[in-house]
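Down below is the structure, laid out as structure tokens.
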Amino acid sequence: RYTSTLTNSTFFPVLLLFLSSPLQWDAITEMDEHNRPIHTFQVCHVMEPNQNNWLRSNWIFRQAAQKVYVELRFTLRDCNSIPWVSGTCKETFNLFYYETDESHGVKFKPSQYTKIDTIAADESFTQMDLGDRILKLNTEVREVGPISRKGLYLAFQDIGACIALVSVRVYYKKCPFTLRNLASFPDTVPRVDSSSLVEVRGACVEHAEERDTPKLYCGADGDWLVPLGKCVCSVGYEEMDGACFACRPGFYKAFTGNIKCSKCPPHSFSYGEGAAVCNCEKAFYRAERDPPTMACTRPPSPPRNVVFNLNDTCLQLEWSPPSDMGGRRDLTYNVLCKRCGPEPDQCQLCGEELRFVPRPQGLTNTTVTVMDFSAHANYTFEIESLNGVSKMINYPRSVAAITVSTDQGGPFMVGMLKKDWASQNSIALSWLEPEQISLLVVDYEVKYYEKEHEELSYSSTRTKAPSVIITGLKPSTCYVFSLRTRTSAGHSAYSPKYEYETTDDTSDMASDQGQVLVIVTAAVGGFTLLIILTLFFLITGRCQWYIKSKMSSDDKRRTNYQNGHALPYPGVKTYVDPDTYEDPTQAVHEFAKEIDPTRIRIERVIGAGEFGEVCSGRLRTLGKREIAVAIKTLKGGYVERQRRDFLREASIMGQFDDPNIIRLEGVVTRSKEAGCGQALIPVTSLTGLTDLVVLCAVISGRPVMIVVEYMENGSLDSFLRKHDGHFTVIQLVGMLRGIASGVRYLSDMGYVHRDLAARNILVNSNLVCKVSDFGLSRVLEDDPEAAYTTTGGKIPIRWTAPEAISYRKFSSASDAWSYGIVMWEVMSYGERPYWEMSNQDVILSIEEGYRLPAPMGCPVVLHQLMLHCWQKERSQRPKFTDVVSFLDKLIRNPSSLLALVEDIQGLAESPGEVVDYHVFISIGDWLDSIKMSQYKSSFVAAGFSTLDSVAQMSIEDVRRIGVVLIGHQRRIVSSIQTLRLQLLHDNGFHV
Numbered sequence: 001r002y003t004s005t006l007t008n009s010t011f012f013p014v015l016l017l018f019l020s021s022p023l024q025w026d027a028i029t030e031m032d033e034h035n036r037p038i039h040t041f042q043v044c045h046v047m048e049p050n051q052n053n054w055l056r057s058n059w060i061f062r063q064a065a066q067k068v069y070v071e072l073r074f075t076l077r078d079c080n081s082i083p084w085v086s087g088t089c090k091e092t093f094n095l096f097y098y099e100t101d102e103s104h105g106v107k108f109k110p111s112q113y114t115k116i117d118t119i120a121a122d123e124s125f126t127q128m129d130l131g132d133r134i135l136k137l138n139t140e141v142r143e144v145g146p147i148s149r150k151g152l153y154l155a156f157q158d159i160g161a162c163i164a165l166v167s168v169r170v171y172y173k174k175c176p177f178t179l180r181n182l183a184s185f186p187d188t189v190p191r192v193d194s195s196s197l198v199e200v201r202g203a204c205v206e207h208a209e210e211r212d213t214p215k216l217y218c219g220a221d222g223d224w225l226v227p228l229g230k231c232v233c234s235v236g237y238e239e240m241d242g243a244c245f246a247c248r249p250g251f252y253k254a255f256t257g258n259i260k261c262s263k264c265p266p267h268s269f270s271y272g273e274g275a276a277v278c279n280c281e282k283a284f285y286r287a288e289r290d291p292p293t294m295a296c297t298r299p300p301s302p303p304r305n306v307v308f309n310l311n312d313t314c315l316q317l318e319w320s321p322p323s324d325m326g327g328r329r330d331l332t333y334n335v336l337c338k339r340c341g342p343e344p345d346q347c348q349l350c351g352e353e354l355r356f357v358p359r360p361q362g363l364t365n366t367t368v369t370v371m372d373f374s375a376h377a378n379y380t381f382e383i384e385s386l387n388g389v390s391k392m393i394n395y396p397r398s399v400a401a402i403t404v405s406t407d408q409g410g411p412f413m414v415g416m417l418k419k420d421w422a423s424q425n426s427i428a429l430s431w432l433e434p435e436q437i438s439l440l441v442v443d444y445e446v447k448y449y450e451k452e453h454e455e456l457s458y459s460s461t462r463t464k465a466p467s468v469i470i471t472g473l474k475p476s477t478c479y480v481f482s483l484r485t486r487t488s489a490g491h492s493a494y495s496p497k498y499e500y501e502t503t504d505d506t507s508d509m510a511s512d513q514g515q516v517l518v519i520v521t522a523a524v525g526g527f528t529l530l531i532i533l534t535l536f537f538l539i540t541g542r543c544q545w546y547i548k549s550k551m552s553s554d555d556k557r558r559t560n561y562q563n564g565h566a567l568p569y570p571g572v573k574t575y576v577d578p579d580t581y582e583d584p585t586q587a588v589h590e591f592a593k594e595i596d597p598t599r600i601r602i603e604r605v606i607g608a609g610e611f612g613e614v615c616s617g618r619l620r621t622l623g624k625r626e627i628a629v630a631i632k633t634l635k636g637g638y639v640e641r642q643r644r645d646f647l648r649e650a651s652i653m654g655q656f657d658d659p660n661i662i663r664l665e666g667v668v669t670r671s672k673e674a675g676c677g678q679a680l681i682p683v684t685s686l687t688g689l690t691d692l693v694v695l696c697a698v699i700s701g702r703p704v705m706i707v708v709e710y711m712e713n714g715s716l717d718s719f720l721r722k723h724d725g726h727f728t729v730i731q732l733v734g735m736l737r738g739i740a741s742g743v744r745y746l747s748d749m750g751y752v753h754r755d756l757a758a759r760n761i762l763v764n765s766n767l768v769c770k771v772s773d774f775g776l777s778r779v780l781e782d783d784p785e786a787a788y789t790t791t792g793g794k795i796p797i798r799w800t801a802p803e804a805i806s807y808r809k810f811s812s813a814s815d816a817w818s819y820g821i822v823m824w825e826v827m828s829y830g831e832r833p834y835w836e837m838s839n840q841d842v843i844l845s846i847e848e849g850y851r852l853p854a855p856m857g858c859p860v861v862l863h864q865l866m867l868h869c870w871q872k873e874r875s876q877r878p879k880f881t882d883v884v885s886f887l888d889k890l891i892r893n894p895s896s897l898l899a900l901v902e903d904i905q906g907l908a909e910s911p912g913e914v915v916d917y918h919v920f921i922s923i924g925d926w927l928d929s930i931k932m933s934q935y936k937s938s939f940v941a942a943g944f945s946t947l948d949s950v951a952q953m954s955i956e957d958v959r960r961i962g963v964v965l966i967g968h969q970r971r972i973v974s975s976i977q978t979l980r981l982q983l984l985h986d987n988g989f990h991v
């Protein structure tokens, strides 16, 4: 009858039809208090008994709905206000539905219809209300589903009420089409199961592309949850108002992403829309490796102020940078040398005799030194300036030139190099000192190399005398020699090249071999002495280090267990990391008891662990009494590292003694070898070939086993899934209390578990939960805020705190996060955290602030504790001592667990004002605020005289004191739930 404002719902057209009956519903049009017409269906045959009046809707096509909602708006008259009626008047009517694949027309069989509910009114009108034209409308919503047929009928049965049906609205909820993170998500119908989410992948809007796969999850109430991933605008497009628009002229965007278009860099412009890059102006360019964000540039101008400095041995060129750098900083210089004759056109490129220091090409400094030039010659040097765009164009070279004449000073050449004598490995050379030299010769440099190798690699030697003996040469090999002088002004050019050859004289060879023999003998003796001294110092130092480390390790353990200041508090041991022992076996024997394998009887295989199979069996104690145990075995063919890692868990468990930590009975490590036929372990039963193979592996070789107490109900997650819905909330809270107590014990010992999950909690026959599986566990330092950092290993993403996932930092606070996940597993009876979401989606959703919703039937206070454990800042998460204390309060006060999350959510969604219960002083004030003052005497007569006592009332208590009308019962119970929450908050429960 009216248009809905709900955007996440789809509504069906509903037409109500008359059905043949002696007494009918009447179609009547009335005027409301604003004189607007109201079309209603009414029935009021309250004087006659045994009324059975039906009104049916048209056939409603369900479309995509799996569950529909029926909203009824109606008025109902109070029977007490109608005179002369006794038991024939009713204040309720019934709502029915019938699923069918096709319309039945006027055919109607009440027996085919299924009852949805009996509808009662919260507000009823009287004859006085009719006179005052006060219309008291009631609104009731019922859900129908799951629906599998193509459509359905609705039917309304009157059994003797005075009622007017104002409107019927039938709809189903959906997650509506939406745009999120530049991705569109279509209309999606949620699943019937309210605890299951529908994953929907979005499609990027036009001119956008995926950065991470965009996803949303459709919830049962038609709300989109947990946005993940996103799309980003393509190259040349920017985001505005949830869409991607092309960059306007003069702007560009070179990369995908949600960044704005940028104005074109200097000396560039874009002339069309959607530009990915701006084009350079005339005479400006970009290098191949220049990013699009860089301004266009041009080649530099020539160098300036070129000068030279010439002395007897070298020529130094210097210049100033160009006046115009072209807008770039990657400036380099090339030097080109030409040797010219008397005429200008007689220039030719300089040969390889000139040397440039550091080099002639790619200079970054404005200076270069030229050496080995000739005297009495004319040289022209061209200095070219270049940058990154110089080679891209046919542009006039940016060159500055200078001409240098070496008549101003020349290098001093020495006379001819003479060979005085030669041997197999040596050559003696001599020369005449230079004449007419004004500067004192500092020394001479002789350069030489093998002729076959040219001048790719050479050696040199210096001498102050005009002679030298070159040693270390190869026999019968031709060498090339050249000489130059060095004065206080620098080096001269090298002399011409001379070639001399070593000899192959056998006498020289014998002499050389004798010298070599002496040298080798002396070297061997010295090396031997060095080895002896080194070994002596190493052995001495190793012994001293071992003694010190052993004393330090023993002192540390004595401190942990004996010195009062080193313990967390008196009476609590400090955990000792088994990795601090050089020999892991020593740690096992210190913390675990060795068991004679003949006292163990294996009965059957119950599972498989990381290192081998897990069996159940019996252990004969010293008092001849047998107890049930679980036996972890190390599979055959193990290496020593596997044995050490396997026993490491026993070294850890042996240090714990708490009712909520799995108890270690002992280990088997020292048994003698035996074959499969020489069983050290009596076998009582074999269930199959698998068991036989396992037992033979255990009792052959050297069996290694860890024996722990037997937990009859196995792991907590599988136990809860097997007994879904079988436990009370108090029983579940008791399980959570035991787990928290066990982790508190570990935390007090300075120990972090790292892998708290329901699969690692074991349950015995008395429903006592005990923490187990210490394979991922690590020690904490004395600092309670310390965290363990690991560089490897697998991490259980769904149970691990964000800082432990990102930085591998584990602490008691990260265990608190994991405990919150365990709480969620327990309250959902072993459901998988985050359902079918991938690990990457879980990480992203947590970073964006998403937290798991409360499971069905979860008390508010428990979900609030979960959220407290999932605080992003680890310092704000609760300590396990506080968790245990809080759960103890809940167990002592079970009424605090009555408020369920779904009740509170429903209350928050209901219309009306939010009531502050702090202002109430008496029961009367409270009842006046909810317009139920007629029941004041009933509450007092039943003994409910304080707000605290009212907060403990149940729906049965409300009925027992005389509240008969269903609408009144609902209002009072809803108000009691809100009152209860307020009182819980006042008592320290953070709701």
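Count the sequence shown with the UniProt record's numbering and you get residues 1 to 991, in order. C-beta: ideal position from N, C-alpha, C; glycine also. The model shown is predicted, which means the values in this text are computed figures rather than measured ones.
Per DSSP, cross-strand counterpart(s) of residue i
i     : result
His39 : Thr29
Per-residue DSSP class, three states only, for residue i
i      : result
Tyr494 : coil
Gln977 : helix
Arg971 : helix
Arg964 : Rather than Arg, the amino acid found at residue 964 in this sequence is Val. If DSSP states are grouped into helix, strand and coil, Val964 belongs with coil.
Val389 : coil
Gly742 : helix
Trp817 : helix
Ser747 : helix
Val914 : The predicted model places Val914 with a pLDDT of 37, which falls under 50 and marks its position as unreliable, so this point remains unresolved.
Ile539 : Note that Ile539 scores a pLDDT of 47, beneath 50, so its modelled location is shaky; the value from the coordinates is reported in the next line. DSSP places Ile539 in helix when its eight states are reduced to three.
Trp59  : coil
Asn560 : Because Asn560 carries a pLDDT of 41, less than 50, the predicted location of this residue cannot be relied on, and the following value inherits that uncertainty. Asn560 falls in the helix class under three-state DSSP.
Best match in the options for proximity to residue i [C-alpha to C-alpha]
i      : options                           : result
Ser975 : Leu927, Asn766, Pro299 and Gln934 : Leu927
Trp224 : Asp241, Val198 and Cys79          : Val198
Cys44  : Phe11, Phe93 and Arg56            : Phe93
Arg191 : Lys67, Tyr458 and Asn279          : Lys67
Lys319 : Asn309, Arg328 and Ala161         : The residue you asked about is not Lys; residue 319 is Trp in the sequence shown. For Trp319, the nearest C-alpha among the options comes from Asn309.
Ser124 : Glu206, Cys869 and Lys90          : Lys90
Asp596 : Arg644, Gly654 and Thr669         : Thr669
Lys173 : Ala164, Phe373 and Gly219         : Gly219
Ser492 : Lys474, Phe373, Arg601 and Thr585 : Phe373
Gly607 : Ile652, Met711, Asp645 and Asp577 : Met711
Gly145 : Asn138, Leu154, Leu137 and Thr139 : Leu154
Presumed contact (8 Å Cβ cut-off) between residue i and residue j, rounded CB distance
i      : j      : result
Met856 : Ser195 : 6 Å
Asn839 : Ser741 : So it is not a contact: roughly 30 Å between Cβ atoms.
Contact test: residue i Cβ vs the ligand SAM heavy atom, cutoff 8 Å
i      : result
Ala208 : The ligand SAM is not among the ligands present in this structure, which contains no ligands whatsoever.
Is the stretch 244–252 in contact with the stretch 267–274, if contact means three or more CB pairs nearer than 8 Å? yes
Could you tell me whether the stretch 761–768 touches the stretch 875–893, using the rule of 3 or more Cβ pairs below 8 Å? no
With three or more C-beta pairs closer than 8 Å as the rule, is the stretch 354–372 touching the stretch 327–337? yes
Does the structure place the stretch 702–710 close enough to the stretch 655–667 that three or more beta carbon pairs sit under 8 Å? yes
Check whether the stretch 424–436 and the stretch 467–475 touch, using three or more Cβ-Cβ pairs below 8 Å as the test. yes
Sufficient close CB pairs (3 or more, under 8 Å) joining the stretch 72–89 to the stretch 175–182: no
Evaluate the contact criterion for the stretch 802–816 versus the stretch 871–890: three or more CB pairs, one atom per stretch, below 8 Å. yes
Any 3 or more C-beta pairs closer than 8 Å across the stretch 399–408 and the stretch 373–381: yes
Tell me, please, whether the stretch 632–640 touches the stretch 611–624 by the rule of three or more beta-carbon pairs shorter than 8 Å. yes
Using a Cβ distance threshold of 8 Å, determine whether the stretch 278–298 contacts the stretch 238–247, with at least three qualifying pairs required. no
So, do the stretch 345–358 and the stretch 386–396 have three or more beta carbon pairs nearer to each other than 8 Å? no
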